[in-house]
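**Student:** Just passing along the structure, written as structure tokens.
Set out below in structure tokens:
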């Protein structure tokens, strides 16, 4: 219970998925957690789940974590700074410059505030979906500004580390332009691409393969939350989308006259630009590493995938990445297995000798 | 060796990945396969791999399968129709109207031609990457036209079935507009989105999560091939990209003045449109089925994933879909497991009782 950095108490304002998950994780380490929410029944639910206790007179939190929607983050932070003049305050909103700017305008005591952003991926569910290890292994951005040093804000880094996250220092503007690129623009683009399917025929969507599934998966995100995020990060996002539109215009012009001089070059440059861009994304463990890929046919029955995994384990090979793909109408799946290039041929031979069908092998 | 529909011989023109894979599959069923390619060394390589034999005087193929790049598909088909006046000819190019139109212009004998398109996903590698079961479980579009009936083209359906694919009848125009939607537009959009990462800072791409990886994965496709595909399917693709641009313009206008009346509604409608579109994509086995999801923490060591799969199998639960996700800098992975909703709570309890950490559960 003492394997922790934070002393506490920690006050959490907003007991939804993120707030309740932070509470559960800190309670598991023995930290005194105080839960607050504009909805009393939300607090009661989160207390029932073991995420902390209700506030009481005389509470003196070391750290306050504001976990409310982006639109009300700054006013909530300001109220907490005023109510608890000895506490350090952070928030977990997915945009960082807007709350900071609003807090400056409100005249808040910025020497006790530093924003943060746990990149915990999913934002659905409320306290019911809360998990103590939601943040394990995830980046947790701590967004510095000139009224506070990272040293004075050490409790926020302690919070990230106590929750198993990877703290990353980055100023608010850099954070916002980074997430505009790696999160907000992909969200807009995926949504607009998926929108095209609304009027599609059943036979057309019946041809959908993994490419369409991958490019549109995040289009199922919740509109209410995303309106707040996108509107609050409009400027950096706008720049990215305008660049996207300029390149899209070039492709559209080329497709309008595909045999005109330069048209095919314009299309080739668009695809090649994508090659160069996707190569920038770091692989597993933060490295831009190259893996070989085996595609193995797996019957769609319980235990078959387990048997495959077990036999790969028996061959002493670690699976770097794994994806299961299904074809429409087929009762089989294809397991795409990423492995280190040096074990590729040995594993392929081993699996074939055990009767597995390898339907693809890529170095 | 007699479990087959085709009689043969089958002549394959173009011994790259698709041609050689078809050859391997037919050879495995005992069909006489004749391989041809403009490159003699490509034929020799494919023969060495067991995909068939070289052409000989007096060959009388039942069926000719043209597996050459889209740009030269029609002229190759026309030459084969002329050279083998008794054979049925098909091709496997990913666009179907352009070859048909070109063949009409060439005055080819369309009563013996029907185009087809195996949706086999990967188009890299040549004969070296060929696999006899590349097409197993994949849709194989057979693109009818008014100069031939599906009945007279039965050998092409036999080919698809002999290779384990799922034949789908669809006319050339419907095929092209369908693949423009489910394959070509996603390719362009993913490439343009990935292009935005070219100039990104290392710290920005360091925040990349699964969303960015998914939306840009297909951006690593080969430019040379895609120029041919996109240029040949310019018209249907253009319509989709222009609709995309219209909606993108609306989002850009809204983000330029995010507090103007109607701006937030415009953003919300873009995200909601994506929700509606992505819901159209059929799930596993062609059904639009809803699954529950468990996210389980897995140590990044050999055998751990196998142990998880084995214990899920022991619980009698079939995994409907599976994905392994890694966080930058972390030595653990998260396995996202899709299962039938009715087994979700039982499996979660079972795995927790065995010591697995469930970091997320979504119904």
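Chains as they are written, first to last, in the working numbering: chain G, 6 to 368; chain Y, 6 to 368.
Glycine residues also receive a C-beta, built at the ideal position from the N, C-alpha and C atoms.
#1: How would you call residue 44/Y, buried or exposed, if buried means at least 16 neighbouring beta carbons within 10 angstroms?
#2: Just curious, the alpha helix (DSSP H) that residue 183/Y is in, first and last residue?
#3: Of all Cβ atoms in chain G, is any one closer than 8 Å to the Cβ of residue 361/Y?
#4: Are residue 72/Y and residue 17/Y closer than 8 Å when you measure CB to CB?
#5: Using beta carbons (cut-off 8 Å, strictly below), is residue 326/G in contact with chain Y?
#6: When DSSP labels each residue in this structure, what does residue 2/G get in the three-state scheme?
#7: Verify whether the separation of the beta carbon atoms of residue 93/Y and residue 109/Y is less than 8 Å.
#8: To which residues of the same chain is residue 354/G closer than 7 Å at the C-beta, ignoring the five residues directly before and after it?
#9: Counting pairs of beta carbons, one from the region 188–196 of chain Y and one from the region 178–192 of chain G, are three or more of them closer than 8 Å?
#10: For the region 267–278 of chain Y, which residues have a beta carbon sitting closer than 9 Å to at least one beta carbon of chain G?
#11: Is there at least one Cβ from chain Y nearer than 8 Å to residue 134/G's Cβ?
#12: Quick check on residue 278/Y: does DSSP put it in helix, strand or coil?
#13: Using the rule of at least 16 other Cβ atoms within 10 Å of the residue's Cβ for burial, across every protein chain shown, is residue 210/G buried or exposed?
#14: At which residues does the alpha helix (DSSP H) containing residue 228/Y begin and terminate?
#15: For residue 74/G and residue 97/G, I'd like the C-alpha separation in whole angstroms.
#16: Who are the Cβ neighbours of residue 78/G in its own chain at under 7 Å, not counting the five residues just before and after it?
#17: Since residue 218/Y and residue 194/G are thought to touch, with beta carbons under 8 Å apart, how far apart are those beta carbons, to the nearest angstrom?
#18: For residue 364/Y versus residue 302/Y, is the C-beta distance shorter than 8 Å?
#19: Rounded to the nearest angstrom, what separates residue 170/Y and residue 164/Y at their Cα positions?
#20: Who are the near neighbours of residue 24/G in its chain, counting only those whose CB is closer than 6 Å to its CB and skipping five residues on each side?
#21: When DSSP labels each residue in this structure, what does residue 306/G get in the three-state scheme?
#22: Taking DSSP's pairing of strands, which residues face residue 367/Y in a bridge?
#23: Is it the case that the region 266–275 of chain Y contacts the region 225–233 of chain G, given that we only count it when at least three CB pairs across the two stretches are under 8 Å?
#24: Output, in sequence order along the chain, the residues in the region 181–201 of chain G whose CB is closer than 8 Å to any CB in chain Y.
#25: To the nearest whole angstrom, what separates the beta carbons of residue 173/Y and residue 147/Y, a pair I think is in contact under 8 Å?
#26: Take the Cβ of residue 133/Y as the centre, count every other Cβ of all protein chains shown within 10 Å, and call the residue buried at 16 or more, exposed below.
#27: What's the C-alpha gap between residue 76/G and residue 68/G?
#28: Spatial neighbours of residue 66/G within its chain, please: C-beta separation below 7 Å, excluding the five flanking residues on both sides.
#29: Can you give me the Cβ contacts of residue 85/Y inside the same chain, cut-off strictly under 8 Å, excluding the 5 residues immediately before and after it?
#30: Quick check on this structure: which residue in 143/G, 131/G and 178/G has the alpha carbon closest to the alpha carbon of residue 151/G?
#31: Check this for me: beta carbons of residue 311/G and residue 314/Y, under 8 Å apart or not?
#32: Could you check what DSSP says for residue 248/G in three-state terms: helix, strand or coil?
#33: Quick one: residues in its chain with C-beta nearer than 6 Å to the C-beta of residue 41/Y, no 5 flanking neighbours on either side, listed in chain order?
#34: Spatial neighbours of residue 348/G within its chain, please: CB distance less than 7 Å, with the 5 preceding and 5 following residues excluded, ordered by chain position.
#35: Consult DSSP for residue 153/G and reduce its assignment to one of helix, strand or coil.
#36: Extract the residue ranges of the beta strand (DSSP E) inside the region 43–111 of chain Y, only unbroken runs of 3 or more that lie entirely within it.
**Tutor:** Reading it off the structure:
#1: Exposed: under 16 other Cβ atoms inside 10 Å.
#2: 177–184
#3: With 8 Å as the cut-off, residue 361/Y does not count as an interface residue toward chain G.
#4: yes
#5: At least one chain Y Cβ lies under 8 Å of residue 326/G.
#6: The question about residue 2/G has no answer, for chain G in this structure spans 6 to 368.
#7: No, the pair does not count as a contact, with Cβ atoms beyond the cut-off.
#8: none
#9: Contact fails: fewer than three Cβ-Cβ distances are below 8 Å.
#10: If the cut-off is 9 Å between Cβ atoms, the region 267–278 of chain Y has 268, 269, 270, 272, 273, 274, 275, 276, 277 and 278 near chain G.
#11: yes
#12: Residue 278/Y: helix per DSSP, three-state reduction.
#13: buried
#14: 228–237
#15: Linking residue 74/G to residue 97/G through their CA atoms gives a straight-line distance of about 9 Å.
#16: 71, 96, 98 and 104
#17: Rounded, the Cβ-Cβ distance is 14 Å, inconsistent with contact.
#18: One thing to note: residue 364/Y has its Cβ within 8 Å of the Cβ of residue 302/Y.
#19: 9 Å
#20: 17 and 72
#21: Judged by DSSP in its simplified three-state form, residue 306/G adopts coil rather than helix or strand.
#22: 298/Y
#23: yes
#24: 182, 183, 184, 186, 187, 188, 190, 191, 192, 193, 194, 195, 196, 197, 198, 199, 200 and 201
#25: 7 Å
#26: exposed
#27: Roughly 22 Å separates the two Cα atoms.
#28: 14, 15, 16, 39, 89 and 92
#29: 16, 18, 69, 71, 92 and 94
#30: 178/G
#31: yes
#32: It is helical.
#33: Closer than 6 Å at the Cβ level, and outside the excluded window around residue 41/Y, lie 18 and 60.
#34: 322
#35: Strand at residue 153/G.
#36: 68–71 and 93–96
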